[in-house]
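First to last, the protein sequences are chains B and G. Everything in the first sequence is counted per numbering that gives the first Met the number 0, starting at 0 for the first residue and increasing by one. Everything in the second sequence is counted per numbering that gives the first Met the number 0, starting at 0 for the first residue and increasing by one. From the three backbone atoms N, C-alpha and C, an ideal C-beta is built for every residue, glycine too. The structure displayed is predicted, hence computed values, not measured ones. To keep things clear, I will list the structure first and then write my remarks on it.
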Amino acid sequence: MARLSLSHSRAEMARLSRWLDEQERALAMPGRVAHAVRMCLEEAVVNLIDHTPARSGGPDISVDLGWQGDRMVAVIEDSGPPFDLRQAQRPERPKNLEDAIPGGLGILLIRSFASEIDYTSEPGRNQLTLRFIPPAADGLVNL
Amino acid sequence: MDMQVVAIAEGAVQVTLKGRFDIQGAAEIDLRFNAVIGSSRAVVVEMSEVTFLASMGIRTLVLGRKQLQRRGGNLVLLSPHPDAEQVLEMTGVTDLLPILRDEASALAAVSA
């Protein structure tokens with residue numbers, strides 16, 4: 000698995016984006032998988048940066064990415080307060096522009112684009128595992 | 000991401016966006032996009048080459064339309080890339096960010 004460590008800063012999103020460009024090529028990701036992986040990782044990491052406190056001055060978020068069999072697997076670890084996005088209430092469809100400012104939209108996108116989501120939390124370490132099944136491996140999954 | 004602005008009628012502009020409209024893309028265009036929103040009454044956002052739309056891009060579009068509507072203006076999306084349109088549908092904002100398929104309909108919609 001390829002690994003990227005990130006500090007708790009929005010400036011790190013550029014590094015994540017460049018790293019994803021590299022991994023798309025290095026891991027020969029099909030286009031639909033690459034799109035889904037980028038969507039989920041960008042949304043998950045920016046949520047961590049924006050909504051959890053930094054625990055240290057250095058890198059406290061890590062992203063691992065690689066194939067496991069026919070599935071692309073992304074593992075995001077952080078040391079903030081536990082947050083299981085599988086348990087988060089599904090955001091309601093916004094009824095007007097006033098209540099449509101995205102907050103839960105990132106969670107909705109992760110749940111829509113990831114084929115499978117696992118989450119574990121131990122004191123000081125949370126691990127979000129996302130799996131992506133290429134269309135050829137599962138015609139029912141719309142990646 | 001790339002952003003071009005062309006006047007299409009009095010008080011109306013077409014903003015053509017290209018590239019990834021994620022947190023990076025939004026940061027790159029937000030200042031110029033907000034300046035366009037602040038100086039126009041009608042804005043058509045052409046998105047056929049926005050190949051990636053994330054929540055921060057949606058935020059920029061929603062806030063732009065909200066600001067225009069407060070001043071009696073409007074903003075619509077023109078021909079979004081299928082991947083961007085899928086994200087708009089998934090997030091349930093297609094009612095709030097109208098999608099038009101051709102330039103004439105888009106101009107008519109923002110000018111109404």
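DSSP bridge partner residues for residue i (one or two, in chain order)
i	result
Lys17/G	Asp1/G and Glu48/G
Thr119/B	Gln126/B
Ser4/B	Ser61/B
Gln67/B	Arg70/B
Leu74/G	Val42/G
Val12/G	Ala6/G and Val42/G
Leu99/G	Leu77/G
Phe131/B	Met71/B
Asp77/B	Ile60/B and Asn125/B
Rounded C-alpha distance that separates residue i from residue j
i	j	result
Arg70/G	Arg40/G	8 angstroms
Asp29/G	Met0/B	35 angstroms
Pro80/B	Arg100/G	45 angstroms
Leu52/G	Ser114/B	19 angstroms
Val36/B	Ala73/B	8 angstroms
Ile106/B	Val43/G	28 angstroms
Arg17/B	Gln23/G	11 angstroms
Leu64/B	Ala103/G	45 angstroms
Phe112/B	Val45/B	16 angstroms
Asp77/B	Ile116/B	16 angstroms
Gly129/G	Ile7/G	What the structure shows of chain G is the stretch from 0 to 111, and residue 129/G is not part of that stretch, so it cannot be assessed.
Val62/B	Gln66/G	37 angstroms
Ser47/G	Pro81/G	8 angstroms
Glu42/B	Glu84/G	18 angstroms
Arg130/B	Arg31/G	37 angstroms
Val86/G	Arg110/B	12 angstroms
Arg54/B	Leu40/B	20 angstroms
Pro133/B	Gln67/B	12 angstroms
Leu127/B	Leu95/G	32 angstroms
Ala25/G	Asp49/B	16 angstroms
Asp20/B	Ala111/G	42 angstroms
Arg9/B	Ala107/G	39 angstroms
Val51/B	Arg124/B	At residue 51/B the sequence reads Thr, which differs from the Val that was named. Rounded to the nearest angstrom, the two C-alpha atoms are 13 angstroms apart.
Leu15/B	Leu3/B	8 angstroms
Pro79/G	Gly37/G	23 angstroms
Leu62/G	Gln22/B	33 angstroms
His7/B	Gly57/B	8 angstroms
Ala105/G	Glu45/G	10 angstroms
Glu11/B	Gln68/G	34 angstroms
Asp69/B	Ala33/B	14 angstroms
Leu5/B	Val109/G	42 angstroms
Whole-Å CB distance - residue i paired with residue j, under 8 angstroms assumed
i	j	result
Leu74/G	Arg64/G	4 angstroms
Val35/G	Val4/G	6 angstroms
Thr93/G	Leu104/B	Their Cβ separation, rounded to whole angstroms, is 13 angstroms, which puts Thr93/G and Leu104/B out of contact at 8 angstroms.
Any chain A beta carbon closer than 7 angstroms to residue i
i	result
Ser16/B	Checking the listed chains, one finds no chain A in this structure; the protein chains it contains are B and G.
Inset, instruction - Using a Cβ-Cβ cut-off of less than 8 angstroms, give me the residues of the segment 29 to 61 of chain B that come near chain G, in sequence order. - result: His34, Arg37, Met38, Glu41, Glu42 and Val45
Legend entry - contact_flag[the segment 117 to 129 of chain B, the segment 2 to 17 of chain G] where n(CB pairs < 8 angstroms) is 3 or more: no
Inset, instruction - Tell me, please, whether the segment 75 to 90 of chain B touches the segment 21 to 32 of chain B by the rule of three or more beta-carbon pairs shorter than 8 angstroms. - result: no
Inset, instruction - Identify each residue in the segment 74 to 93 of chain G for which the Cβ-Cβ distance to at least one residue of chain B is less than 8 angstroms, and report them in chain order. - result: Asp82, Val86, Met89, Thr90, Gly91 and Val92
Inset, instruction - Taking a Cβ distance cut-off of 7 angstroms, strictly less, list which residues of the segment 102 to 115 of chain B are near chain G, in chain order. - result: Leu104, Gly105, Leu107, Leu108 and Ser111
Inset, instruction - Give the residues from the segment 38 to 60 of chain G that approach chain B closer than 8 angstroms (Cβ to any Cβ), ordered along the chain. - result: Phe51, Ala53, Ser54, Met55, Ile57 and Arg58
Inset, instruction - Return the residues of the segment 12 to 28 of chain G that lie within a Cβ-Cβ distance of less than 7 angstroms from chain B, sorted by chain order. - result: Asp21, Ile22 and Gln23
Inset, instruction - Output, in sequence order along the chain, the residues in the segment 1 to 16 of chain B whose CB is closer than 8 angstroms to any CB in chain G. - result: Arg9, Met12, Ala13 and Ser16
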